[in-house]
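First the structure, in the form of structure tokens, and then the observations on it.
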Amino acid sequence: LQQIVATMQPILSSEDEKCRYRGTLLLSEILKTKTEMYLNAAVIHLLVVFFCSRLDDIHCIVPCIDSLCALLSNHGTEMLNSRKYSDCVDILTSIVKSHTLHVRSLTHYIYIQIYDSITVAMIALIETLTLSSPFHSLTIRVTLVGAVTASIYSSENV
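Sequential numbering from 30 applies to the sequence shown in the numbering used here.
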């Protein structure tokens, strides 16, 4: 997967939105279909950072949300066990803070994908609460409250 991402760098950073979308979609399809693929914590983190940053690209929202859901579903345990990265919190925070995800013109399908991703992230974060320190637990609770508030506000504006 790392070689594919490195090879696709010009496509993923292209100024052509169709090109960027197709490259992001390809990565998304790989993550969704290759559920047993081993990814170490550093690679998972790199993918999380990439897809979270790409949430602000309105043309790539759906494959990014799909990819984040796939990462949470298929590699959530690795994310939770990582002492170096806080990928679950980063995903939830990025979804809540993304400006493009709160635009009224988004389709119902995209909103469903957003809620699915938030749900998967919350389940992973709740599992983390039982394993983490009190400080980490407080950080997660604050993030969860912000996510719920933002999602309620967002659904009222649809």
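C-beta atoms are modelled at their ideal positions from N, C-alpha and C, and glycine is treated no differently.
Candidates Val77, Asn69, Ser43, Ser42: closest to Ile94 by CA position = Val77
key: Within 8 Å, strictly: CB atoms of Val72 and Ile139   = no
ask   = What's the call for Asp116, buried or exposed, on a 16-neighbour Cβ count within 10 Å?
value = buried
ask   = With a CB to CB cut of under 6 Å and the five nearest residues on each side skipped, what residues in its chain are close to Ile40?
value = Cys48, Gly52
query = If you count every other CB in all the chains shown that lies within 10 Å of the CB of Met66, and 16 or more means buried, which is it?
reply = exposed
message = By alpha-carbon positions, which one of Ile33, Thr106, Ser82 ends up nearest to Lys126?
response = Ser82
key: Asn110, enclosing alpha helix (DSSP H) - first and last residue   = 90 to 110
request  = Would you mind stating whether Cys98 and Tyr50 have Cβ atoms separated by less than 8 Å?
outcome  = no
ask   = Under a three-way DSSP split, which group does Lys47 fall into?
value = helix
query = Since Leu60 contacts Leu100 with CB under 8 Å, what's their CB separation in whole angstroms?
reply = 6 Å
Buried versus exposed, by CB contacts within 10 Å (16 or more), Gln38 = exposed
ask   = Quick one: is Gln32 buried, meaning 16 or more other Cβ sit within 10 Å of its Cβ, or exposed?
value = exposed
query = Are there 16 or more other CB atoms within 10 angstroms of the CB of Ile141, so buried, or fewer, so exposed?
reply = exposed
task = Return the first residue and the last residue of the alpha helix (DSSP H) that Asp86 is part of.
result = Taken as a continuous stretch (DSSP letters only), Asp86 belongs to no alpha helix (DSSP H), as it is neither H nor E.
query = Taking the C-alpha atoms as reference points, what is the distance between Glu44 and Ser57?
reply = 19 Å
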